[in-house]
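Heads up: the sequence lines are chains A and B, in that order. FYI, our numbering numbers position 223 of the first sequence as 579, with every residue one higher than the one before it. FYI, our numbering numbers position 52 of the second sequence as 408, with every residue one higher than the one before it. Where a beta carbon is used, it is the ideal one built from N, C-alpha and C, also for glycine. I have placed the structure first, in the form of structure tokens, so that the comments after it can refer back to it.
2 protein chains.
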Amino acid sequence: MPDPTLDPAPDPRHDVRPTLEAVAARAGVSRATVSRVVNGGAGVRQPLVDQVRKAVDELGYVPNHAARTLVTRRNGAVAVIIDEPEFRIFSDPFFSRQIRGISRELNAHDAQLVLLLVEGRGDFDRVTRYLAGGHVDGVLAFSLHTDDELPAVISRFRVPTVYGGRPERTGAEGGAGTPPVPYVDCDNRGGAREAVRHLVALGRRRIAHIAGPRDQTSALDRIDGYRDVLPDAGPEMTVEGDFTAEGGARAAEELLDRCPGVDAVFVANDLMASGVLRVLRERGLRVPEDVAVVGFDDMASVAESTDPPLTTVRQDVEGMGRLMVRLLMERLDSGAGQWPASVVTPTELILRDSA
Amino acid sequence: MPDPTLDPAPDPRHDVRPTLEAVAARAGVSRATVSRVVNGGAGVRQPLVDQVRKAVDELGYVPNHAARTLVTRRNGAVAVIIDEPEFRIFSDPFFSRQIRGISRELNAHDAQLVLLLVEGRGDFDRVTRYLAGGHVDGVLAFSLHTDDELPAVISRFRVPTVYGGRPERTGAEGGAGTPPVPYVDCDNRGGAREAVRHLVALGRRRIAHIAGPRDQTSALDRIDGYRDVLPDAGPEMTVEGDFTAEGGARAAEELLDRCPGVDAVFVANDLMASGVLRVLRERGLRVPEDVAVVGFDDMASVAESTDPPLTTVRQDVEGMGRLMVRLLMERLDSGAGQWPASVVTPTELILRDSA
DNA sequence: GTGAAAGCGCTAACAG
DNA sequence: CTGTTAGCGCTTTCAC
Chain A
357 MPDPTLDPAP DPRHDVRPTL EAVAARAGVS RATVSRVVNG GAGVRQPLVD
407 QVRKAVDELG YVPNHAARTL VTRRNGAVAV IIDEPEFRIF SDPFFSRQIR
457 GISRELNAHD AQLVLLLVEG RGDFDRVTRY LAGGHVDGVL AFSLHTDDEL
507 PAVISRFRVP TVYGGRPERT GAEGGAGTPP VPYVDCDNRG GAREAVRHLV
557 ALGRRRIAHI AGPRDQTSAL DRIDGYRDVL PDAGPEMTVE GDFTAEGGAR
607 AAEELLDRCP GVDAVFVAND LMASGVLRVL RERGLRVPED VAVVGFDDMA
657 SVAESTDPPL TTVRQDVEGM GRLMVRLLME RLDSGAGQWP ASVVTPTELI
707 LRDSA
Chain B
357 MPDPTLDPAP DPRHDVRPTL EAVAARAGVS RATVSRVVNG GAGVRQPLVD
407 QVRKAVDELG YVPNHAARTL VTRRNGAVAV IIDEPEFRIF SDPFFSRQIR
457 GISRELNAHD AQLVLLLVEG RGDFDRVTRY LAGGHVDGVL AFSLHTDDEL
507 PAVISRFRVP TVYGGRPERT GAEGGAGTPP VPYVDCDNRG GAREAVRHLV
557 ALGRRRIAHI AGPRDQTSAL DRIDGYRDVL PDAGPEMTVE GDFTAEGGAR
607 AAEELLDRCP GVDAVFVAND LMASGVLRVL RERGLRVPED VAVVGFDDMA
657 SVAESTDPPL TTVRQDVEGM GRLMVRLLME RLDSGAGQWP ASVVTPTELI
707 LRDSA
């Protein structure tokens, strides 16, 4: 018995929220019946359903999630894990859009989005513990780098997962007993091919590529696309950037110093392309007259506001986010048996003024 | 190099997660003792503590969150509610940064981040139900507009909340019985003053303002700051934009048509300022020679890559996110009694080339 | 200091 | 169809 003289501050969390019991009493039925009604009302006679619904409304009953999870072993939540160094998430609208798509689709499935941002080893352990705790039904994992340990952890805890972007080890390459790894990615290689072919069709002869960091499969795939069309381009025609505007500018400087005769550049993302345009302008080179530029992503905030507006390869980021959720839900609903297939979404070349 | 701490390959039977009971059996103690150890180990003799810890490690025990929540009524999760029409979150790095700060601080407090994106009435009901369900210990709410209903819902369910950005109705204005509304915001008005004073010091005489949407307090506060310095500026010198680059461009067109003699513009955010710069360039006006431009936010991806780089008012977005979490945690730890005070963080004028 | 026992609110057999 | 009865895994008095 608490000492009344202490007069403990009332805690709002302990507000008496009505329970199933209360609703049952009010409706004059058993807890089980109320439970059935709350969960869809299948197999309950209509008059009773109405009685219960009425009681629920009058009491403002809302099921206790923790109690439900405890018995069903389902928590109605999905973790989104983004493992990305600070500089990118700070400046890249990519994640906002992807998350928007995920959020929408998750809402449609009545599931919650738990956001896990990973920045280093410490965070990594924390996420590991979280997954081990089985707090989420599934995982959507992003921005994996080729040296990432996350897939290992995820597969160790057998948490149903869908990756955003092709992970380094695909199912086909996995060792024995390794389940396939479902992912959603855009057709990076095909999109890159289309971009470079466009440059070729424009009559450009010395087409360079400013690539993304080689520890990301999207960057590698775009390089492959470039090489598909230009198998004979020398290695000096490809410079590696870091997907930031500043990195793009640095890469452009290096490229122009190295190959002054370049008349076109396929840049692996729009952010870098904006840096490239800046350098080109500083050097007095006209775009697209002297040098044509094509980006990748079609990040509206960047591509539409550069000078000149950027011709670029569009990928449907939001759609990819939604697709990831659908694949995961498919997996969850199928019991643990079925692994959904990966999906590669098409890209589209958007013509503006830079090429 | 693999980290050995990740290695303690736990019980091979992954599907059966060990419970307190199992740990107790293994350590030769009661469930209660294990519980005490797991929760800090206060009041348990050292040898027993060690035994239990050992058993926990060997079994790879991780507490079941749902069970714990059920009895403690604490879920160790905080909801971040962002109520923003799609166009902004799609193009504004602001949210990414704010969320990064929140995520970091939440991690430090061992709490989870549940992201709730609100886009319309339907979503609104869903969020309401979620909060009513008491699934989170607290709420961090963003991007409130003056006509927003969220504060009403939040206050109805008494969920501890901290707002990002000053809500329309502050505690001081609230009616009787309405608790004060703690928020974290930057000094919008002071920052705007500093920006405009800088323009004045530059010798500019016809200083215009391109404002944000009037249903957001940050936009209103920046207008106030502009007027503080220039109380005699005519109403034609202020044009309302929508915080997007495109909207900034439109506003600039309107402004230049209306007041051709303008020699400086204080723009309410960097995104709009980038649109303004584009229009200025298109009209053959040099920046800063003919027209000086100052933005607001110091969004690196925008301000550093415009031509010329943008002089702007910096606000510490990540720091504000962290601060919000700290205020909320303070509130949570203090029982229900204390309401933390709001915090207004300082801004800083960053000089680049546009003014 | 430690253990036994009573639930937290809900679902899911199993009876009736 | 509906009610009864067990727990889900954990914390928390309350005895010892």
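Considering only the alpha carbon of each residue, which of the options lies closest to residue i?
i: residue 466 of chain B; options: B:624, B:432, B:438; result: B:432
i: residue 452 of chain A; options: A:695, A:676, A:683; result: A:676
i: residue 439 of chain B; options: B:584, B:484, B:468, B:595; result: B:484
i: residue 662 of chain B; options: B:630, B:383, B:603, B:554; result: B:630
i: residue 637 of chain B; options: B:710, B:489, B:552; result: B:710
i: residue 669 of chain B; options: B:679, B:505, B:656; result: B:656
i: residue 382 of chain A; options: A:416, A:634, A:428, A:400; result: A:416
i: residue 309 of chain B; options: B:646, B:506, B:387, B:555; result: The first residue shown for chain B is 357 and the last is 711, placing residue 309 of chain B beyond what the model contains.
i: residue 632 of chain A; options: A:606, A:614, A:654, A:646; result: A:606
i: residue 524 of chain A; options: A:515, A:504, A:474, A:540; result: A:504
i: residue 522 of chain B; options: B:511, B:540, B:652, B:450; result: B:540
i: residue 613 of chain A; options: A:624, A:595, A:602; result: A:595
i: residue 568 of chain B; options: B:520, B:617, B:618, B:501; result: B:501
If we count the other Cβ atoms within 10 Å of its Cβ and call it buried at 16 or more, is residue i buried or exposed?
i: residue 454 of chain A; result: buried
i: residue 493 of chain B; result: buried
i: residue 626 of chain A; result: buried
i: residue 425 of chain B; result: buried
i: residue 578 of chain A; result: buried
i: residue 349 of chain A; result: Residue 349 of chain A is absent from the structure shown; chain A starts at 357 and stops at 711.
i: residue 690 of chain B; result: exposed
i: residue 407 of chain A; result: buried
i: residue 660 of chain A; result: buried
i: residue 770 of chain A; result: Outside the shown range of chain A, which is 357 to 711, sits residue 770 of chain A, and nothing can be said about it.
i: residue 422 of chain B; result: buried
i: residue 402 of chain B; result: exposed
Say whether chain B places a C-beta atom closer than 8 Å to the C-beta of residue i.
i: residue 411 of chain A; result: no
i: residue 470 of chain A; result: yes
i: residue 418 of chain A; result: yes
i: residue 421 of chain A; result: yes
i: residue 491 of chain A; result: yes
i: residue 545 of chain A; result: no
i: residue 431 of chain A; result: yes
i: residue 395 of chain A; result: no
i: residue 451 of chain A; result: yes
i: residue 687 of chain A; result: no
i: residue 690 of chain A; result: no
i: residue 663 of chain A; result: yes
i: residue 464 of chain A; result: no
If we define contact as Cβ-Cβ less than 8 Å, is residue i a contact residue for chain A?
i: residue 585 of chain B; result: no
i: residue 646 of chain B; result: no
i: residue 373 of chain B; result: yes
i: residue 527 of chain B; result: Note that residue 527 of chain B scores 42 on pLDDT, short of 50, meaning its location in the model is unreliable; the coordinates nonetheless yield the value given after this. Chain A contact via Cβ: absent.
i: residue 426 of chain B; result: yes
i: residue 506 of chain B; result: no
i: residue 601 of chain B; result: yes
With DSSP as the reference, label residue i as helix, strand or coil.
i: residue 440 of chain B; result: coil
i: residue 541 of chain A; result: strand
i: residue 493 of chain B; result: coil
i: residue 565 of chain B; result: strand
i: residue 638 of chain B; result: helix
i: residue 660 of chain A; result: coil
i: residue 433 of chain A; result: strand
i: residue 468 of chain B; result: strand
i: residue 600 of chain B; result: coil
i: residue 374 of chain A; result: coil
Return the chain-ordered list of same chain residues with a C-beta closer than 6 Å to the C-beta of residue i, the five sequence neighbours on each side being excluded.
i: residue 543 of chain B; result: 700, 702, 703
i: residue 585 of chain B; result: 549, 552, 553
i: residue 488 of chain A; result: 513
i: residue 671 of chain B; result: 542, 703
i: residue 667 of chain A; result: 650, 707, 708, 710, 711
Quick one: what's got a C-beta closer than 7 Å to residue i's C-beta in the same chain, skipping five residues either side?
i: residue 405 of chain A; result: 393, 397
i: residue 555 of chain A; result: 563, 620, 622, 648, 650, 711
i: residue 390 of chain B; result: 376, 379, 380, 383, 408
Give every residue of the same chain whose Cβ lies closer than 8 Å to the Cβ of residue i, excluding the five residues on either side of it in the sequence, and list them in chain order.
i: residue 470 of chain A; result: 433, 434, 435, 436, 491, 492
i: residue 462 of chain A; result: 434, 468, 469, 681
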